[in-house]
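Q: Below are the structure tokens for one structure; questions will follow.
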Amino acid sequence: MSSQTTAPATPVERRILRRAEVEAKTGFKRAHIYSLMKKGRFPKALRLGVRAVGWDSTEIDQWIADRLKERA
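Counting in our numbering, the sequence shown runs without a single skipped number right up to 72 at its last residue.
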């Protein structure tokens, strides 16, 4: 009898992505990202300070994965 074992899932690193990283991951520029956010079609930015925002990396990764599923 053969038994199959699966490796435990590696924990996802959750961190805050700054705008440049989000642009690199999505291929979108600032104006398009903010336009999609306004329409509710992109994860909302988190306020980090007076002039600083960031995005939850897991939300961005999930958003990208969902878009890839839609295309398949």
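Glycine included, every Cβ here is placed at the ideal spot set by N, Cα and C.
Can you find the residues in the same chain that come closer than 7 Å, C-beta to C-beta, to Ile60, ignoring five residues on each side of it along the sequence?
A: Same-chain partners within the cutoff: Leu17, Val22, Lys25 and Pro43.
Q: Of the residues Ser35, Glu13 and Arg19, which one's Cα is nearest the Cα of Arg51?
A: Ranking the options by Cα distance to Arg51, first place goes to Arg19.
Q: Following the continuous alpha helix (DSSP H) through Val22, name the residue where it begins and the one where it ends.
A: Run containing Val22: Arg19 to Thr26, per the alpha helix (DSSP H) assignment.
Q: Cα separation between Val53 and Lys69?
A: When rounded, the distance between both Cα atoms is 28 Å.
Q: I need the straight-line Cα distance from Leu46 to Tyr34, nearest angstrom please.
A: Looking at the two C-alpha atoms, the distance is approximately 13 Å.
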